[in-house]
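Novice: Numbering (the numbering used here), first residue to last: 326 to 581.
Ideal Cβ placement from N, Cα and C applies to all residues, glycine included.
Just so we're clear, the structure is a prediction, and the values are computed from it rather than from any experiment.
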């Protein structure tokens, strides 16, 4: 019986905690890390099969790989950065998009049933990678003084409020931006997984009670949630990469 006395095993933070699969020298390797590793293997394997032995007339896997690669390259990177500036960042953005997407998809895969991005550590590291790309790039492109002007939006034409604007821009860009970049992905995957767990457990609980018709409704809701979650998973990968490109675009532009 659960603590609430009704027998319903309500989902909570325990749904996001996993016991170590094994421990080596104090380092714990758990299910989330395993899924992240599998995500990496899936992405690397797919693109290796697609482009490892590329042909002039592409086969099915190569064609699928080209479509996937071009979706990110043309649909996100070129649209945001332009072809000239964006080409050098295409490999990074393609890697980020498909790594995040596959990490998210695990939530609807039997036995896995957990989106890796629902663990804040992974979105935080990915956001940090993007941060360490666009911040140094800003100073490389504009120099030390120009870089700070770019980041803070310093503009003499603003008059007395230029210092206030600069402070707000500094705080927003260097401190808030990486935080929101990570949390946006994390929060959506966290909430989505919690809802899926709740409806799945509710369906099973109701099925084992006299409320069998209600179990059917809950099951239909669960199926609808899975379809919706598949959409959200792709959108979150898209948004994360789009924001990354936007930050880089701001780093290379003359006016922030």
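Since I believe residue 573 is in contact with residue 458 (beta carbons under 8 Å), could you give me their beta-carbon distance rounded to a whole number of angstroms?
Specialist: About 7 Å separates the two Cβ atoms, so the contact holds.
Novice: Residues in its own chain within less than 6 Å of residue 445 by CB, not counting five upstream and five downstream?
Specialist: So the list reads 511, once near-sequence residues are dropped.
Novice: May I ask you to report which of helix, strand or coil DSSP gives residue 439?
Specialist: Coil, per DSSP.
Novice: Considering only residues of the segment 399 to 431, which uninterrupted alpha helix (DSSP H) runs meet the minimum length of 4 residues and lie entirely inside it, listed in chain order?
Specialist: With a minimum length of 4 residues, the continuous alpha helix (DSSP H) runs that stay inside the segment 399 to 431 are 404 to 411, 415 to 430.
Novice: Tell me the rounded alpha-carbon separation between residue 437 and residue 428.
Specialist: Residue 437 and residue 428: Cα-Cα distance of roughly 11 Å.
Novice: Beta-carbon separation of residue 505 and residue 494 under 8 Å?
Specialist: Result no, Cβ atoms of residue 505 and residue 494 do not sit closer than 8 Å.
Novice: So residue 405 packs on residue 576, CB below 8 Å; how close in whole Å?
Specialist: In fact, because the Cβ distance is near 12 Å, the residues do not count as touching under 8 Å.
Novice: Return yes when at least one heavy atom of the ligand MG lies under 7 Å from the C-beta of residue 548, else no.
Specialist: Although the ligand MG was asked about, the structure shown includes no ligands whatsoever.
Novice: Could you give the DSSP three-state label for residue 575: helix, strand or coil?
Specialist: Helix.
Novice: Note down the Cα distance separating residue 497 from residue 482, rounded to an integer number of angstroms.
Specialist: Computed Cα separation, rounded: 21 Å.
Novice: For residue 343, which of helix, strand or coil comes out of DSSP?
Specialist: DSSP places residue 343 in coil when its eight states are reduced to three.
Novice: By the 10 Å Cβ neighbour count, where 16 or more other Cβ atoms means buried, how is residue 424 classified, buried or exposed?
Specialist: Flag for residue 424 reads buried.
Novice: Name the two residues that bound the continuous alpha helix (DSSP H) containing residue 379.
Specialist: That residue, residue 379, is in no alpha helix (DSSP H); it is neither H nor E in DSSP.
Novice: For residue 330, which residues in the same chain have their Cβ closer than 6 Å to its Cβ, ignoring the five residues on either side in sequence?
Specialist: For residue 330, the predicted model reports a pLDDT of 49, less than 50, meaning its position is unreliable; a value from the coordinates is still stated below. Contacts found: none.
Novice: Should residue 354 be labelled buried (16 or more other beta-carbon atoms within 10 Å of its own) or exposed?
Specialist: Exposed, by the Cβ-count rule.
Novice: When burial is assigned at 16 or more other CB atoms within 10 Å of the CB, is residue 399 buried or exposed?
Specialist: That one is exposed.
Novice: Taking the straight line between their C-alpha atoms, what separation do you get for residue 484 and residue 490?
Specialist: If I take the Cα positions, the gap works out to 10 Å.
Novice: Can you tell me which of 487, 471, 430, 360 puts its alpha carbon nearest to the alpha carbon of residue 553?
Specialist: Of the candidates 487, 471, 430, 360, the one whose C-alpha sits nearest the C-alpha of residue 553 is 430.
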